[in-house]
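Numbering (our numbering), first residue to last: 6 to 362. Even glycine gets a Cβ: it sits at the ideal position worked out from N, Cα and C. On a predicted model such as this, the values are computed, not experimentally measured, just so you know.
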């Protein structure tokens, strides 16, 4: 089996799960370098410099670099910069980038657009240096490739390169995020008399928590019974709505915050009827698929990667439709369980056991 140099600048969440899985399956053939999942933008901009220093050089170690046949990294890394700083790494025969997300369609404030241009530009340049580009969904691949030309047109000079999308398309393919599903038994942990709703996402603006909590505020104002589980990782800076929600929904909260143990996380999901996404930036959605696998009915926007993964019964087209669905489930929690059993989600399509073959 080939020896692989693995580099992950943002070792947390689904990024961590992927690296841990690689290590578990192929660890004896991998050498892994990581940085913690702190301040994504700084990791994206500066991690190449860090790794150029900490990855051993051949002159100090016995042919450290030259025994690798592959370099695997995620799209958070500025691969172009790393290879420029470390020409010896450029000699590794096959360089592979895995895209958890792409920055070309990241929702940013207009006043920050020039500043944020660098992150999408960095990903394009990194792809030009790669031999193989892997995307975690068709949506991720198409949204990236289809946006390249208009993205580069932002450059306010006439020396814009042409044909980049076609070049990158020729070396890209979809490799769905490899899921390792928890065991499922027939014993239900769900209450029958009150709806329990779960938010299993990062506490960040691109997940639109304001839209999610607005539905719960309205449900409470109209005296509907429900409980809420709020999971996901939070960072130093988080949307203000979480503080408001913790206060206003205090009597409805079953759990609030990140579950440190995976077993606790799964138990919390098992007891919920409905998992809700209100994201405006999502390319796969590991937590939603985990929740659905544990018999939560997934409610997702009818856009992004979701139509690729979930049948139309799980998709909503408007805020009003989302609220109506939640309201109906509040009236009859069993309805969510019944609907979940009827929808056919192709879990095996994303199963690591299948993908690794």
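From residue i to residue j, what distance separates their C-alpha atoms?
{"i": "residue 48", "j": "residue 56", "result": "11 Å"}
{"i": "residue 270", "j": "residue 204", "result": "12 Å"}
{"i": "residue 298", "j": "residue 352", "result": "7 Å"}
{"i": "residue 280", "j": "residue 331", "result": "10 Å"}
{"i": "residue 424", "j": "residue 328", "result": "As shown, the chain starts at 6 and ends at 362. That puts residue 424 outside it, with no answer to give."}
{"i": "residue 254", "j": "residue 229", "result": "12 Å"}
{"i": "residue 133", "j": "residue 88", "result": "12 Å"}
{"i": "residue 19", "j": "residue 333", "result": "32 Å"}
{"i": "residue 316", "j": "residue 7", "result": "39 Å"}
{"i": "residue 38", "j": "residue 17", "result": "13 Å"}
{"i": "residue 324", "j": "residue 220", "result": "8 Å"}
{"i": "residue 73", "j": "residue 11", "result": "10 Å"}
{"i": "residue 92", "j": "residue 58", "result": "13 Å"}
{"i": "residue 302", "j": "residue 159", "result": "41 Å"}
{"i": "residue 354", "j": "residue 187", "result": "16 Å"}
{"i": "residue 115", "j": "residue 339", "result": "Because residue 115 carries a pLDDT of 46, less than 50, the predicted location of this residue cannot be relied on, and the following value inherits that uncertainty. Each residue's Cα considered, the two are about 44 Å apart."}
{"i": "residue 318", "j": "residue 264", "result": "29 Å"}
{"i": "residue 213", "j": "residue 35", "result": "37 Å"}
{"i": "residue 260", "j": "residue 268", "result": "14 Å"}
{"i": "residue 276", "j": "residue 196", "result": "7 Å"}
{"i": "residue 25", "j": "residue 358", "result": "15 Å"}
{"i": "residue 9", "j": "residue 138", "result": "16 Å"}
{"i": "residue 361", "j": "residue 157", "result": "35 Å"}
{"i": "residue 13", "j": "residue 77", "result": "9 Å"}
{"i": "residue 284", "j": "residue 321", "result": "12 Å"}
{"i": "residue 257", "j": "residue 202", "result": "10 Å"}
{"i": "residue 243", "j": "residue 90", "result": "34 Å"}
Considering residue i, what are the terminal residues of the beta strand (DSSP E) in which it resides?
{"i": "residue 201", "result": "200–204"}
{"i": "residue 280", "result": "279–281"}
{"i": "residue 162", "result": "No beta strand (DSSP E) contains residue 162, which DSSP labels as neither H nor E."}
{"i": "residue 234", "result": "231–235"}
{"i": "residue 101", "result": "99–104"}
{"i": "residue 215", "result": "Element bounds for residue 215: not the beta strand (DSSP E) but the alpha helix (DSSP H), 214–226."}
{"i": "residue 41", "result": "35–41"}
{"i": "residue 140", "result": "137–140"}
{"i": "residue 1", "result": "The structure shown does not extend to residue 1, since the chain is modelled only from 6 through 362, so no value can be given for it."}
{"i": "residue 288", "result": "Per DSSP, residue 288 belongs to no beta strand (DSSP E) and is neither H nor E."}
{"i": "residue 306", "result": "302–306"}
{"i": "residue 242", "result": "Looking at the DSSP string, residue 242 is not in any beta strand (DSSP E), and its letter there is neither H nor E."}
{"i": "residue 13", "result": "9–16"}
{"i": "residue 153", "result": "From DSSP, residue 153 is part of no beta strand (DSSP E) but of the alpha helix (DSSP H) over 143–157."}
{"i": "residue 76", "result": "75–79"}
{"i": "residue 258", "result": "258–261"}
Of the choices the options, whose alpha-carbon is the least far from that of residue i?
{"i": "residue 103", "options": "96, 264, 183 and 87", "result": "183"}
{"i": "residue 216", "options": "250, 256 and 18", "result": "250"}
{"i": "residue 22", "options": "86, 295, 241 and 179", "result": "295"}
{"i": "residue 31", "options": "75, 126, 287 and 71", "result": "75"}
{"i": "residue 83", "options": "97, 62, 53 and 77", "result": "53"}
{"i": "residue 125", "options": "285, 109, 139 and 137", "result": "109"}
{"i": "residue 245", "options": "90, 111, 210 and 318", "result": "210"}
{"i": "residue 222", "options": "198, 336 and 252", "result": "252"}
{"i": "residue 180", "options": "275, 243, 241 and 101", "result": "101"}
{"i": "residue 278", "options": "175, 341 and 46", "result": "341"}
{"i": "residue 337", "options": "198, 29, 122 and 321", "result": "198"}
{"i": "residue 96", "options": "312, 63 and 106", "result": "63"}
{"i": "residue 42", "options": "33, 150, 148 and 240", "result": "240"}
{"i": "residue 5", "options": "248, 202 and 273", "result": "Only positions 6 to 362 of the chain appear in the structure, and residue 5 is not among them; the question remains open."}
Once the 5 residues before and after residue i are set aside, which same chain residues still bring their CB inside 6 Å of it?
{"i": "residue 173", "result": "132"}
{"i": "residue 207", "result": "237 and 238"}
{"i": "residue 99", "result": "75 and 136"}
{"i": "residue 61", "result": "69"}
{"i": "residue 80", "result": "102, 104 and 128"}
{"i": "residue 149", "result": "107 and 109"}
{"i": "residue 282", "result": "293 and 305"}
If I follow the unbroken alpha helix (DSSP H) through residue i, where does it start and stop?
{"i": "residue 335", "result": "324–336"}
{"i": "residue 355", "result": "Premise fails: residue 355 is in no alpha helix (DSSP H) and is neither H nor E."}
{"i": "residue 275", "result": "267–275"}
{"i": "residue 46", "result": "45–59"}
{"i": "residue 177", "result": "Segment 177–179 is the beta strand (DSSP E) holding residue 177; no alpha helix (DSSP H) there."}
{"i": "residue 311", "result": "311–314"}
Take residue i and list the residues in its own chain whose beta-carbon comes closer than 8 Å to its own, dropping the five residues that flank it on each side.
{"i": "residue 189", "result": "298, 299 and 300"}
{"i": "residue 117", "result": "With a pLDDT of only 49 at residue 117, under 50, the local geometry of the prediction cannot be trusted, and the value read off the model is given with reservation. Cβ neighbours of residue 117 beyond the five flanking positions: none."}
{"i": "residue 335", "result": "200, 224, 229, 230 and 231"}
{"i": "residue 45", "result": "15 and 81"}
{"i": "residue 111", "result": "121, 124, 125, 211 and 286"}
{"i": "residue 313", "result": "142, 143 and 144"}
{"i": "residue 170", "result": "150, 151, 153 and 154"}
I'd like the list of long-range same chain contacts for residue i, defined as Cβ closer than 7 Å, with 5 residues on each side in sequence excluded.
{"i": "residue 146", "result": "140, 177 and 179"}
{"i": "residue 27", "result": "11 and 35"}
Can you confirm whether the segment 290–307 touches the segment 157–173 when touching is taken to mean that 3 or more C-beta pairs between the two stretches lie within less than 8 Å?
Not touching, per the Cβ criterion.
Touch test, the segment 343–358 against the segment 224–240, Cβ-Cβ under 8 Å, three pairs minimum
Output reads no: the segment 224–240 does not touch the segment 343–358.
Counting Cβ pairs, one atom from each stretch, are 3 or more of them under 8 Å apart for the segment 283–295 and the segment 137–145?
Touching, yes.
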